[in-house]
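Quick notes on the structure that follows.
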Amino acid sequence: MKNRLSPWNLGATLYMPATREDIADAVLHGKIPGLRSLVICLEDAVSEADIPIALKNLEHLLHELSNSMRSLGKNDWPLVFIRPRHAGMPKWADG
Numbered sequence: 000m001k002n003r004l005s006p007w008n009l010g011a012t013l014y015m016p017a018t019r020e021d022i023a024d025a026v027l028h029g030k031i032p033g034l035r036s037l038v039i040c041l042e043d044a045v046s047e048a049d050i051p052i053a054l055k056n057l058e059h060l061l062h063e064l065s066n067s068m069r070s071l072g073k074n075d076w077p078l079v080f081i082r083p084r085h086a087g088m089p090k091w092a093d094g
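As numbered in numbering that gives the first Met the number 0, residues 0 to 94 make up the sequence shown, in order.
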């Protein structure tokens, strides 16, 4: 049976622009007490000129979280969501 995501698990969701370089540190080391869900924003929190930086930060962040999750096996991290700027944006991961 598949576990369904309950809206009660979200708590107060924190938005952080993908240009921030401290997101992994906040997630991996519990820098924000009580954080249950996080949206990494590529939309209105990031200027058009900063999109390449934001995408590079996001790529690095996802690799870091993935590697840490495999090695540490922790499952008490916050839920992490990505808010793209437009529907075609997820294609950056293909290249």
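Built from N, CA and C at the ideal position, the CB exists for glycine as well.
Source: prediction; values computed, not measured.
In terms of Cβ geometry, Ala23 and Ile39 do not form a close pair [threshold 8 Å]. Distance from the CA atom of Tyr14 to the CA atom of Gly72, rounded to whole angstroms, is 25 Å. Just so you know, the alpha carbons of His59 and Glu20 end up roughly 9 Å apart. Secondary structure at Ser36: strand, using DSSP grouped into helix, strand and coil. Annotation: Asp43 to Arg84 spans about 7 Å, alpha carbon to alpha carbon.
The C-beta distance from Ala25 to Leu41 rounds to 17 Å, too long to meet the 8 Å contact threshold. Looking at the DSSP output, Leu13 shares a beta bridge with Leu37.
Pairing Met88 with His62, the inter-Cα distance amounts to about 18 Å.
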